[in-house]
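**Q** Let me begin by handing over the structure; questions about it come next.
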Amino acid sequence: MRTCRFISFLIVVNLEKCLFLSGSAATIASSFPWRQTMSRYLASQMTAAALAAALCFCTVSASAAEPAASEAAQTAAPLRHTAQGLVRGILEEQGRTQAYLGIAYAKAPVGALRWKEPVKPALHAHVLDATRVPARALQIQKGKPVGSDDCLYLNIWRPNSLEGNLPVMVFLHGGNNQTGASTAASYGKALAANANAIVVGLNYRLGPLGFVELAALKNGTDAEKSGNFTLLDINAALDWVRANIVHFGGNPKNITIAGHSAGGRDVMAILTSPMFKGKFQKAMAFSGSQTMSAPEWAEPIHTRAFAKLAVEDGRAADEASAMKWLRSGGADVREWLYGIDSKRIVRLMSGAKIRMRVFPHLFADGKVLPREGFKVYDSAKRARTVSDVPLLLLADKTEFKFYCATDPLFKDWVADKSVMTDPYKRAQYAFASGYGSQFFGYANTQQSAERISRHTRSPIYVASFRWGTDPKIVGEEMAFVHGSKHGIHMDFVFSEKKFDLQKKYPDAYRNEGVKDLSRLVQSYIGNFLRSGNPNGRGLVNWKPWSNAKGGATYLYLDADGSKASARMTTDRMDPKKVFQAMDADRSVKPEDKARLIARVMDGRFFSAPLDKHYGNPAHIMP
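When you read off a place in the sequence shown, starting at 1, and then add 1126, the result is the number in the working numbering.
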């Protein structure tokens, strides 16, 4: 044992030598407390052969940092310490950003851990090679399963500097909580450098692996009984970030939880959760509305979906008897559920197209999320559950065009361009996308701002992103079919050129106005990450939301061909007036208007006022 301890001491010394050769002063200082822990771990866990191999590895790593270093070593980011061990990153963005990719924040949720709370990751005795983007969570893309069950990983991007105490943004991706990934190369690398902040992207369980409402799975902890496993993953990742981000130069007491689309909706739900209270200091939701579902309403939909698999596997003769068997909640049901191939599970309820009736999730279970849903803001419980923090909300002007362009009614018209040439097709598209976008934007910003600001003290900053709607700048087709569609702001938040409209309409983006607007958006975001106030020198003053008549509401963000613009307004939507306009609109025939309202605009995350007014079934908690 003494020999093992001595060799392990040599290994740690060599690891520290690696740090001196390749890391910053901050990295070196933060790594020394790790010496005793690692020494004890190596002595107790490793064989002599493994120790020798590790020692050789450290020697190679140290020599690679000599003046005659390889090209790979020259692009390596400094070694960083985590509670699980050392990690090696890579330089990105022409050397402006240090990236640490694919770091586990929990064990793989496979086997007996499939529908369980996340478990802390294991220690790794070796230096983790954190230079490759991890697999996304298992999901359906173009009708086929992609990704992996082993998905609980995060990426960290930070400026390539010695600066510490940096603000931290933890980012949650879009995709209806069924698809997507926050660890894609598109996120973080440019924003971290431009905003001088740390950006953390998370992957987490998706689809019925992330949200499930079944009787047989009500046998675990209160958190597990909630069925909100995606939120449990996000909570575990936040705990990991708070414990480890200081070693990457981040301030664990200056964390902003942020998200786009489904990630934004997750953020809005997280703001009401007692589980998350005190774990972050600010929040941002890009195109994220207040959406939850009642467990008793979600259960039949989830049970029916799994019943199809039970019939396929011979567990029941038909769907009705399969649902009865599933609701028995016995050990045999549980054993079958845990044995199903996960690729079959993620196919269930896929392609929801922002309709909660297809894939109910974000369950108001009473433990992870309040039983009252977002009405908790109106109750005395809010002081115990709600996170009262500065909040930034952003929506795109013509959000619903993203979903209209792919809706079964319109997609062929868009593909053959008849939506541009046929006046009546154009009128139907304009009706659905125009009025739908007003309600989509209302749900993503005004509705939340009005409700939250009535009962909290922290400021709420609200923006409307309007670029993409001027045909003189982007062309007639892009402006009409897509405009400022859902998610268009992502190009500007993350300075990326990989999003779909940039590929289809490259000329629209080839001007100084686009570059200036990206700089403007990132300036506001960077300021907000640092202080909770987006304002700064040289920027148009962004006033907090006011419910007072004539009070400040939206900051409008736009650009012409050469320069960005920001304008503070007092505009707000009156749903009653929009309904009056819809009822009076004669651009489409009455029967077609009814069809558009009932089949294109219905049941969406933003549709609660529409569905109530026109008598469509309700699917979202008020």
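Heads up, the beta-carbon is just placed ideally off N, CA and C, and yes, glycines get one too.
With the cut-off set at 8 Å, would you say L1298 and D1359 are in Cβ contact?
**A** No, Cβ-Cβ distance for L1298 and D1359 is not below 8 Å.
**Q** Can you give me the C-alpha to C-alpha distance between M1482 and K1719, rounded to a whole angstrom?
**A** Near 23 Å, if we compare the C-alpha coordinates of K1719 and M1482.
**Q** Check whether the segment 1583 to 1600 touches the segment 1531 to 1551, taking contact to mean three or more Cβ pairs, one atom from each stretch, closer than 8 Å.
**A** Because the criterion of three Cβ pairs below 8 Å is not met, the segment 1583 to 1600 and the segment 1531 to 1551 do not touch.
**Q** Where does G1376 fall in DSSP's three states?
**A** Three-state result, G1376: strand.
**Q** Who are the near neighbours of F1618 in its chain, counting only those whose CB is closer than 6 Å to its CB and skipping five residues on each side?
**A** Around F1618: L1643, S1644, V1647.
**Q** Report buried or exposed for D1737, applying the criterion of at least 16 other Cβ atoms within 10 angstroms of its Cβ.
**A** The residue is buried, with at least 16 neighbouring Cβ atoms inside 10 Å.
**Q** Using beta-carbon positions only, say whether I1216 and W1283 come within less than 8 Å of one another.
**A** Going by C-beta atoms, I1216 is not nearer than 8 Å to W1283.
**Q** Grouping DSSP H, G and I as helix and E and B as strand, with all else coil, what is K1598?
**A** Helix at K1598.
**Q** Classify G1314: buried if its beta carbon has 16 or more other beta carbons within 10 angstroms, exposed otherwise.
**A** By the neighbour-count rule (16 or more Cβ atoms within 10 Å), G1314 is buried.
**Q** For Q1554, which residues from the same chain have a beta carbon less than 7 Å from its beta carbon, with the 5 sequence-adjacent residues on both sides left out?
**A** Taken in chain order, the residues that qualify are V1714, D1718, L1722.
**Q** Do R1430 and E1445 have their C-beta atoms within less than 8 Å of each other?
**A** Result yes, Cβ atoms of R1430 and E1445 sit closer than 8 Å.
**Q** Taking the alpha-carbon positions, what's the L1357 to S1688 distance?
**A** Taking the straight line joining both Cα atoms gives about 42 Å.
**Q** Just the C-alpha distance for G1300 and M1418, rounded to the nearest angstrom, thanks.
**A** Going by the C-alpha atoms only, they are around 16 Å apart.
**Q** Ignoring anything shorter than 3 residues or poking outside the segment 1498 to 1578, list the beta strand (DSSP E) runs there in chain order.
**A** Qualifying beta strand (DSSP E) stretches, in chain order: 1517 to 1522.
**Q** CB T1120 to CB P1378, shorter than 8 Å?
**A** The structure shown does not extend to residue 1120, since the chain spans only 1127 to 1748, so no value can be given for it.
**Q** Alpha carbon to alpha carbon, what distance is there between V1494 and K1344?
**A** In a straight line, the C-alpha of K1344 is about 14 Å away from that of V1494.
**Q** Output needed for A1178: all residues of its chain with C-beta closer than 6 Å, excluding positions within five of it in sequence on either side, in chain order.
**A** Note that A1178 scores a pLDDT of 33, beneath 50, so its modelled location is shaky; the value from the coordinates is reported in the next line. So the list is empty, once near-sequence residues are dropped.
**Q** Express the C-alpha separation of A1457 and S1733 in angstroms, rounding to a whole number.
**A** Taking the straight line joining both Cα atoms gives about 39 Å.
**Q** Would you decide whether A1411 is buried or exposed? Buried here means 16 or more other CB atoms lie within 10 Å of its CB.
**A** Result: buried.
**Q** Helix or strand or just coil, what does DSSP make of M1410?
**A** M1410: strand per DSSP, three-state reduction.
**Q** Take K1403 and list the residues in its own chain whose beta-carbon comes closer than 6 Å to its own, dropping the five residues that flank it on each side.
**A** So the list reads S1513, once near-sequence residues are dropped.
**Q** Does E1218 pass the burial test, meaning 16 or more other C-beta atoms within 10 Å, or should it be called exposed?
**A** E1218 comes out buried.
**Q** Over what stretch of residues does the alpha helix (DSSP H) that includes L1357 continue unbroken?
**A** It spans 1355 to 1370 - the alpha helix (DSSP H) in which L1357 sits, taken as one unbroken run.
**Q** CA-CA distance, D1711 and A1558?
**A** Their backbone Cα atoms lie some 12 Å apart in a straight line.
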